[in-house]
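Student:
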Amino acid sequence: MSPMNFNTANQTFRQLMGNGLLYRVPPFQRNYSWTNEEWDDLWQDISYEDGADKGEISHYMGYLVLQSSDNKRFDIIDGQQRITTISIIILATLSLIKDMIEKGIDTERNGRRQDSLQNSYIGYVDPVSLVSSPKLALNRHNNHFYQNYLSMVQG
């Protein structure tokens, strides 16, 4: 049996998702189940931070338990509901930015915003094939919906 290593780190969502690693919800995890109540709680946390100083801010939003055998791909053992919800919020933001670009609103800056959000939080899009390599994969019951939303936002 291989030895188990336990590490702890305080990281922002940007540090977690912007590190080039891949995250997966393993098949044994429950389906996505957050209701309006959990969304509202998370949104309150996000809104609280929006009013803080515009310097580097951090706010404890729970913990993630991750497991990896190669330190490149991680299974999300605990925290998948939060990480999925934050990813959905970022996809919704990308959709709004895409709409603004299509309407000709500040296209250059919004294009940079779109690229930055996409690459930092969602995944890499190959510039030649335009095929996306998402940073997050959900379980077999939810991944199809998530990937469809991702494709819709990118398309």
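Counting the sequence shown from 1 gives a position; our numbering is that position plus 8. Backbone N, C-alpha and C define an ideal beta-carbon position, used for all residues, glycine too.
So, with DSSP's three-state summary, where would you put residue 41?
Tutor: Your numbering for residue 41 matches position 33 in the sequence shown. Correct three-state label for residue 41: coil.
Student: Could you check whether residue 129 and residue 28 sit closer than 9 Å to each other, using their CB atoms as the reference points?
Tutor: Reading the sequence shown from its first residue, position 20 is the one you call residue 28. Reading the sequence shown from its first residue, position 121 is the one you call residue 129. Their beta carbons are not under 9 Å apart, which means residue 28 does not touch residue 129 by this criterion.
Student: Is it buried or exposed, residue 143, if we count other Cβ atoms within 10 angstroms and call 16 or more buried?
Tutor: Residue numbering aside, residue 143 sits at position 135 when the sequence shown is read from its first letter. Flag for residue 143 reads buried.
Student: Please classify residue 9 as buried or exposed, where buried requires at least 16 neighbouring CB atoms within 10 angstroms.
Tutor: Here residue 9 corresponds to residue number 1 of the sequence shown, with the count starting at 1. Its pLDDT being 45, under 50, residue 9 is placed unreliably in this model, and the coordinates cannot settle the point.
Student: When DSSP labels each residue in this structure, what does residue 145 get in the three-state scheme?
Tutor: Position 137 of the sequence shown, counting from 1, holds the residue named residue 145. Three-state DSSP puts residue 145 in a strand.
Student: Starting from residue 180, trace the beta strand (DSSP E) both ways and give me its first and last residue.
Tutor: No information on residue 180 is available, as it lies outside the stretch 9 to 163 that the chain covers here.
Student: Restricting to Cα atoms, I'd like to know which of 124, 96, 108 is closest to residue 159.
Tutor: Against the sequence shown, residue 159 aligns to sequence position 151. Closest by alpha carbon: 96.
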